[in-house]
Every structure is written in C-alpha cells, then in structure tokens.
C-alpha cells in the first residue's frame, strides 16, 4: 500500500477530476452571457459552472440553491443540480481531498510512529483496552490543527451527504445498496466517470464528518493512545477515562461516526470496482488508506451500533 505521506499528488489528481464529472455537458458562452439573469434551473446550472471556473464557489452555491428551489421535474437535471451543489459547497468551505490527506497524516502518522510506547497505565485510570493484556501505549493528539479548521463545518458536510444521498437513493448502507444506487445513476444516463466523481465527493464528506465526530466524542473527556497489542500486529486507537461509564459513553457517542467511516470506505471501494482499477492505482491507494484507518479505529469504537 502507498504510504499516506505519498498520497497528496494522488488526492489532487482525483479531486481535480470532480469538476469535470459534475459539470460535464455545461456550455457557457463566456463573454456573451450575463450570469445570474435567469431563474431557469438549467441556465443557473451553467452559471454555477462559470462561477466555479472563475474561482467563485460562493456565487456558484447561490446559483445552485436557486436552481434547486425551482424543483425541476426532470430527474437528470435535478440530480445534476444536487451533485453540483454538493461539490460547490465543499469547495466554498475549503474541504477537499487535501483535507483527507491531512487527516491521514494526523491520524495514521501517529499510529505508525516508530518509537516504542510505554507499558501499562496510570493508577486509577480506566482504559478501553484494559481487558486485552499487557499492551503498550503512547498518547496521541486528536485535537490537531486539521480538526480545529474543520470542526465547525459539520452542517456543511450534513448538507452534502443529504444532497448526494438524494441523488443516489441508496436503499441501505451495504455494498449491495451502494451498487443499487450506482445502477440508478446509470439508468439516468450517467457514465462511469460522472458516477465515480459523485461517489468520491460523498466519501470525502462522510470521512471528514466521521473524523470530526470521533474527536468530539472524546473531547475533554478521554486521553487517546496509540496501542500496540501484546501479541503483535498493527497499532490501533484506544483511550482512557476516569470511569468505565465514561468509556461506554464515548463508545456510544462514536458509534455513528464509525458507521459514517465505514460508509466512506465502502463508497471508495465501490468507486475502484466501478472503474475496474488495479490495486496500485491512486484511487485504490486512497480506498486502502481509508480501510486501514477504519480498521485501526474499529478495534475500540465499532463494537456498538449507532443509536445503541
């Protein structure tokens, strides 16, 4: 698997394709058209594409909100507007694959540290990994600069997820459900590149929201640790708190975030399968990194179901 430290160029390449996939087919006669002068949803979609090309994502969002408010009857046009609005919202709020790169560096970079952590735990402290044996642990910082820059973006991520779930209309969160959503998109006339770009935007939103929610679940309540199993194997994320009740409360608070993270992983894997890509491609590496992150967090945080 390619190291997360080498993924930034791959992330940039993948995200650079999003505008092509989301706005394919738009035809704006630059220099001859006064944007924003119509309430026709199709023209507003074109106006938004022009605004994005001009580096004005906030303006694009306004046009697309107007287009969405017109509630077009054409299901393809409605899907185009929602898809474009989801992408424009992320751009307007500086959420991109670079955000994923920073999250990967913050989280997996600490879990893959080469220094040897200490054994045992402090007296009077309860830890999520108490029952597993003589693990070794080292404190990690979850409230990173990346977290501070995105923690107030959750409402934006909620909106993006809702918009694209309306587009795909997945019957459930399983891989089979994802495939059903892909088939629906094909039925609307979307090509594989257009579908994969929307899968990618949705996965970015799910993964970023999951990271925010995992950190928020333990904020000011727990100390996070890189934990190395006594029997060997990759380090995972564990935590310690003042009581067993608080350990359980944090696990409950993080359960829905883990569902989001798993959904992001499965969307990325569906994207790789859709494009028929080899394991050494950038898209496959991104999916592999997301799966690795999920596995590291799932040891302690995925044992409870969302809403338990």
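Numbering (the working numbering), first residue to last: 483 to 790.
Ideal placement from N, C-alpha and C gives every residue a C-beta, glycine not left out.
Query raised in the report: So residue 619 and residue 714 are in contact, right, with Cβ under 8 Å, and what is the actual spacing, rounded?
Result: 15 Å between Cβ atoms; not a contact.
| Looking at C-alpha atoms only, which residue of 585, 659, 653 is the closest neighbour of residue 623? | Selected option, being the one with the closest Cα: 585.
Look at the Cβ atom of residue 523, then the Cβ atom of residue 557, and state whether they are nearer than 7 Å. no
Rounded straight-line distance, which links the Cα of residue 607 to that of residue 652 = Looking at the two C-alpha atoms, the distance is approximately 43 Å.
Could you have a look at residue 682 and say whether DSSP puts it in helix, strand or coil? helix
Item checked: Cα-Cα separation, residue 567 to residue 766 -> 26 Å
| request: Identify which residue in 533, 609, 537, 545 has its Cα closest to the Cα of residue 521. | output: 545
Check whether the Cβ atoms of residue 708 and residue 592 sit closer than 7 Å, and answer yes or no. yes
*Do residue 644 and residue 688 have their CB atoms nearer than 7 Å?*
No, Cβ-Cβ distance for residue 644 and residue 688 is not below 7 Å.
Q. Between which two residues does the beta strand (DSSP E) carrying residue 620 extend?
A. Looking at the DSSP string, the run of the beta strand (DSSP E) that includes residue 620 is 618-621.
Short of 6 Å in beta carbon distance, which residues of its chain neighbour residue 778, apart from the five on each side in sequence? Order them along the chain.
For residue 778, where only same-chain residues beyond five positions count, the Cβ hits under 6 Å are 593, 718, 719.
Quiz item: By how many angstroms is the C-alpha of residue 582 removed from the C-alpha of residue 770?
Solution: 13 Å
Tell me the DSSP secondary structure of residue 671 in three-state form. Three-state DSSP puts residue 671 in coil, outside helix and strand.
Considering only the beta carbon of each residue, do residue 571 and residue 543 sit closer than 7 Å?
yes
So what does DSSP say about residue 723, is it helix, strand or coil? strand
key: Cα-Cα separation between residue 752 and residue 660, rounded to whole angstroms   = 7 Å
For this session: Helix, strand or coil for residue 738, going by three-state DSSP, please let me know.
Result: helix
Exercise for the section: Spatial neighbours of residue 539 within its chain, please: CB distance less than 6 Å, with the 5 preceding and 5 following residues excluded, ordered by chain position. Expected result: Cβ within range, chain order: 570, 573, 574.
query = How big is the Cα-Cα spacing for residue 588 and residue 626?
reply = 7 Å
Notebook entry, point to check: If you run the structure through DSSP and keep just helix, strand and coil, what is residue 709?
Noted result: strand
Taking contact to mean at least 3 C-beta pairs separated by less than 8 Å, is the stretch 699-707 in contact with the stretch 722-738? Contact between the stretch 699-707 and the stretch 722-738 is present, because at least three Cβ pairs lie under 8 Å.
Q.
Taking a contact to mean a Cβ-Cβ separation below 7 Å, would you say residue 746 touches residue 775 in this structure?
A. no
What three-state label does DSSP hand residue 629 in the structure shown?
Residue state, collapsed to three classes: helix.
Query - Candidates 756, 534, 529: closest to residue 548 by CA position - result: Out of 756, 534, 529, the CA that lies nearest to the CA of residue 548 is found in 529.
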